[in-house]
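Residue numbers (the UniProt record's numbering): 1 to 122.
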């Protein structure tokens, strides 16, 4: 049973690694205002998508930084009344364009995998 659990965990980790950027861009693309990391994590939790981060909120920060480094997000640091300053992220114009393409690629990939899983590959 441990072998199966380990394989499931490994598969979920690999699957998550490929979807975190898409999900983070989508959350920020749907937001009317910039969000900081904790707010993004809470949005994912509200949507029932905390599995994407596998309970590791800290895992989203390197992805946010990478997305910003690629020009898909922009950020600003603002003071907080209840603690350290917060970095707020917003999606850029390029980020919106890339998100549209990633959504299309995700849909095509999902449809292809579903066909194979359902045995409908003719």
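Note that beta-carbon positions come from the ideal geometry of N, C-alpha and C, so glycine has one too.
Reference residue i; option with closest CA among the options
i	options	result
residue 106	64, 28, 20, 31	20
residue 94	60, 11, 67, 31	67
residue 31	12, 111, 92, 120	92
residue 15	110, 116, 115	110
residue 127	114, 79, 120	With the chain covering 1 to 122 only, the question about residue 127 has no answer from this structure.
Neighbourhood of residue i by C-beta, 7 Å cutoff - its chain only, sequence neighbours within 5 removed
i	result
residue 22	102, 106
Buried or exposed (CB count within 10 angstroms, at least 16 for buried), residue i
i	result
residue 38	exposed
residue 8	exposed
Test item: CB-CB of residue i and residue j under 7 Å
i	j	result
residue 171	residue 99	Nothing can be reported for residue 171: it is not among the residues displayed for the chain, which extend from 1 to 122.
residue 77	residue 65	no
residue 90	residue 34	yes
Other residues of its chain near residue i: CB distance less than 6 Å, five sequence neighbours each side excluded
i	result
residue 41	57
residue 27	40, 43
Nonlocal neighbours in the same chain, by C-beta distance under 8 Å from residue i, ignoring five residues either side
i	result
residue 63	20, 21, 24
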